[in-house]
Amino acid sequence: MQQRELGNTGLMFRAIGLGAMPLSISGRPDEAQAFAVIEAFVADGGNFIDTANVYGLDDDDIGHNERLIRQALGQLGAIDKVLVTTKGGLRRPGGAWVVDGDPDWLRLSCERSLQALQTDCISLYQLHAIDPKVDFRRSLEALVKLKEEGKIRYLGLSNVSPAQLEQALEFTVVSSVQNHCNLFDQRDFRNGLIDFCRARRITYIPYSPVGGHHGHVRLDQEPLLQQLAAKYQASPHRIALAWLLHKGRHILPIPGASRVASIRDSLQATNLKLGADDIAALDRLAEQ
Ligand SMILES: NC(=O)c1ccc[n+]([C@@H]2O[C@H](COP(=O)([O-])OP(=O)(O)OC[C@H]3O[C@@H](n4cnc5c(N)ncnc54)[C@H](OP(=O)(O)O)[C@@H]3O)[C@@H](O)[C@H]2O)c1
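The numbers in my numbering rise by one with no breaks, and the one at position 182 of the sequence shown is 270.
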């Protein structure tokens with residue numbers, strides 16, 4: 089089974105995590121089904137779950153996903169076996185997704201996440217996005233301060249460019265970068281960010297790794313994916329995840345799931361070996 093290290097922390101995880109967002113946003117499953125997804129993930133050896141304070145319906149529902157995960161892991165007796173990484177830096181007014189990197193908001197968000205997750209320290213806390221209205225250093229300073237206070241163990245960034253990552257590294261240690269990346273969006277392979285993360289021992293976490301909350305259905309329609317699915321006797325989603333895993337031992341995709349069958353299938357990508365010609369053909373998919 090393939091494993092991934094978080095940054096250079098020595099902490100190891102199964103190479104496929106669970107993106108828990110679909111369990112809490114609009115169209116979410118009922119609680120029993122959400123619990124079943126988390127249970128199946130843990131039962132099959134999953135130990136890295138991605139959440140955010142804003143994974144819920146709107147500003148009145150902040151922390152929904154964090155509370156759900158905490159409750160499920162508590163019932164499963166798995167709190168110490170699974171790293172739950174969360175994020176701060178957005179708001180959800182009326183259900184919209186709005187960036188807010190104000191230091192006071194980041195502190196309040198982190199403190200609320202500590203409560204929702206019922207912990208004293210968040211193992212990996214990610215800045216959800218960079219707020220163009222706030223000096224990036226001020227947002228980072230707020231997170232570093234929370235780290236110094238012991239409320240955060242490791243820091244991660246999300247939705248960043250190579251230049252922004254380099255800027256952050258002049259200021260603090262960064263253990264992970266979480267960006268949009270999949271077969272149809274290979275930007276971070278082309279702009280050097282993924283290679284840079286490898287060189288600096290930063291875990292690269294592709295989000296929407298099978299094409300996105302709605303976009304993933306495109307995988308089933310792609311002739312190349314259909315052909316490879318038949319060849320490897322695997323779902324197109326599993327092929328898409330295996331392709332990402334082949335791209336580097338520092339890459340830890342976090343596919344979303346609201347159904348047990350989805351996460352069970354995704355986890356099996358860690359056992360799927362693709363041929364070099366097939367990887368090259370998949371590389372070209374984004375150009376079409
Ligand atoms: N940092 C950010 O700004 C950001 C933004 C977006 C997402 N994220 C994170 O990244 C995670 C994943 O992204 P995402 O949820 O947007 O997109 P995604 O993982 O590309 O797609 C999720 C959807 O694909 C389906 N799926 C996944 N694996 C499957 C499989 N093996 N077979 C069949 N269907 C499968 C699931 O369907 P079912 O629902 O039917 O199970 C799920 O709802 C999120 O949950 C969240 O944690 C972060």
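The beta carbon of each residue, even a glycine, is placed where N, CA and C say it ideally should be.
Q) To which residues of the same chain is Arg226 closer than 7 Å at the C-beta, ignoring the five residues directly before and after it? A) Taking the sequence shown and counting its residues from 1, the one referred to as residue 226 is at position 138. So the qualifying residues of the chain are Pro191.
Q. Which stretch, first to last residue, makes up the alpha helix (DSSP H) that contains Val170?
A. To locate residue 170, count along the sequence shown from 1; it is residue 82. It is not in any alpha helix (DSSP H) - Val170 carries neither H nor E in the DSSP assignment.
Q) Are there 16 or more other CB atoms within 10 angstroms of the CB of Ile157, so buried, or fewer, so exposed? A) Here residue 157 refers to the residue found at position 69 of the sequence shown. Counting Cβ neighbours within 10 Å, Ile157 comes out buried, since at least 16 surround it.
Q: May I ask you to list the residues that DSSP assigns as paired with Thr291?
A: One-based indexing of the sequence shown puts residue 291 at position 203. Answer by DSSP bridge pairing, in chain order: Ser264.
Q | Any alpha helix (DSSP H) of 4 or more consecutive residues that is wholly inside the region 112-141 | A | 119-131
Q.
Shorter than 7 Å, the distance from the beta carbon of Asp273 to the closest heavy atom of ligand 1, or not?
A. Locating residue 273 in the sequence shown gives position 185, where the first residue counts as 1. False, no ligand heavy atom lies under 7 Å from that Cβ.
Q) Would you say the beta carbon of Pro110 comes nearer than 7 Å to a heavy atom of ligand 1? A) Translated into the one-based positions of the sequence shown, residue 110 becomes position 22. Pro110 Cβ: within cutoff of ligand 1.
Q. Nearest to His216 by alpha carbon, out of Leu312, Ala120, Leu340 and Tyr295?
A. Position 128 of the sequence shown, counted from the start, is the residue given in the question as residue 216. That would be Tyr295, whose Cα lies nearest to the Cα of His216.
Q) Taking the alpha-carbon positions, what's the Gly165 to Leu340 distance? A) In the sequence shown, residue 165 corresponds to position 77, counting from 1. In the sequence shown, residue 340 corresponds to position 252, counting from 1. When rounded, the distance between both Cα atoms is 24 Å.
Q) Starting from Ser211 and walking both ways along the beta strand (DSSP E), at which residues does that stretch end? A) Position 123 of the sequence shown holds residue 211. Ile210 to Leu215 is the span of the beta strand (DSSP E), which, as asked, contains Ser211.
Q. From this set, Ser263, Gln91, Arg347 and Arg155, which residue's C-alpha is nearest Tyr213's C-alpha?
A. Translated into the one-based positions of the sequence shown, residue 213 becomes position 125. Ranking the options by Cα distance to Tyr213, first place goes to Ser263.
Q.
Pop quiz: Arg200 and Asn153 are said to be a contact at Cβ under 8 Å. What is the actual Cβ separation, rounded to whole angstroms?
A. By 1-based counting over the sequence shown, the position of residue 200 is 112. By 1-based counting over the sequence shown, the position of residue 153 is 65. Not really, about 12 Å apart at Cβ, beyond 8 Å.
Q: Ignore the nearest five residues each way along the sequence and tell me which others in Phe136's own chain have a CB closer than 6 Å to its CB.
A: The residue given as residue 136 occupies position 48 in the sequence shown. Within the same chain, Phe136 has close Cβ partners Phe101, Gly105 and Leu171.
Q | Where Trp331 falls, given that 16 or more other Cβ within 10 Å makes a residue buried | A | Taking the first residue of the sequence shown as 1, we reach residue 331 at position 243. Result: buried.
(Q) Taking the beta carbon of Lys221 as the centre, do at least 16 other beta carbons fall within 10 Å, making it buried, or is it exposed? (A) Looking up residue 221 in the sequence shown gives position 133. Lys221 comes out exposed.
Q) Within 7 Å: the Cβ of Ser197 and any heavy atom of ligand 1? A) As a first step, residue 197 must be located in the sequence shown, where it is residue number 109. No.
Q. If we count the other Cβ atoms within 10 Å of its Cβ and call it buried at 16 or more, is Ser350 buried or exposed?
A. As a first step, residue 350 is located in the sequence shown; it is residue number 262 there, counting from the start. Result: buried.
Q) Does at least one heavy atom of ligand 1 sit under 7 Å from the Cβ of Val31? A) The chain is shown from 89 up to 376; residue 31 falls before or after that span and cannot be answered.
Q: Under 7 Å Cβ to Cβ from Asp132, same chain only, skipping five residues before and after it: list those, please.
A: Indexing the sequence shown from 1 puts residue 132 at position 44. If we look at Asp132 and ignore the five residues flanking it on each side, its Cβ neighbours are Arg352 and Leu355.
Q.
Bridge partners for Glu93 per DSSP, in chain order?
A. Locating residue 93 in the sequence shown gives position 5, where the first residue counts as 1. Glu93 is bridged to Met100.
Q: Tell me whether Gly299 sits in a helix, a strand or coil according to DSSP, three-state version.
A: Walking along the sequence shown from the start, residue 299 turns up at place 211. If DSSP states are grouped into helix, strand and coil, Gly299 belongs with coil.
Q) What do you reckon, is the C-beta of Gln266 under 7 Å from a heavy atom of ligand 1? A) Here the question's residue 266 lines up with position 178 in the sequence shown. Yes, the Cβ of Gln266 comes within 7 Å of a heavy atom of ligand 1.
Q: Please classify Asp190: does DSSP put it in a helix, a strand, or coil?
A: Residue 190 sits at position 102 when you count from the first residue of the sequence shown. Asp190: coil per DSSP, three-state reduction.
Q) CB-CB under 6 Å to Leu281, same chain, minus the five flanking residues each way: which ones, in chain order? A) As a first step, residue 281 is located in the sequence shown; it is residue number 193 there, counting from the start. So the list reads Pro250, once near-sequence residues are dropped.
Q: Name, in chain order, the residues that DSSP records as bridge partners for Tyr242.
A: Position 154 of the sequence shown holds residue 242. DSSP lists Leu212 as partners of Tyr242.
Q | Close-in-space but distant-in-sequence residues of the same chain around Ser114 (CB under 8 Å, 5 per side omitted) | A | The residue labelled residue 114 in the question sits at position 26 within the sequence shown. Cβ neighbours of Ser114 beyond the five flanking positions: Leu145 and Gly183.
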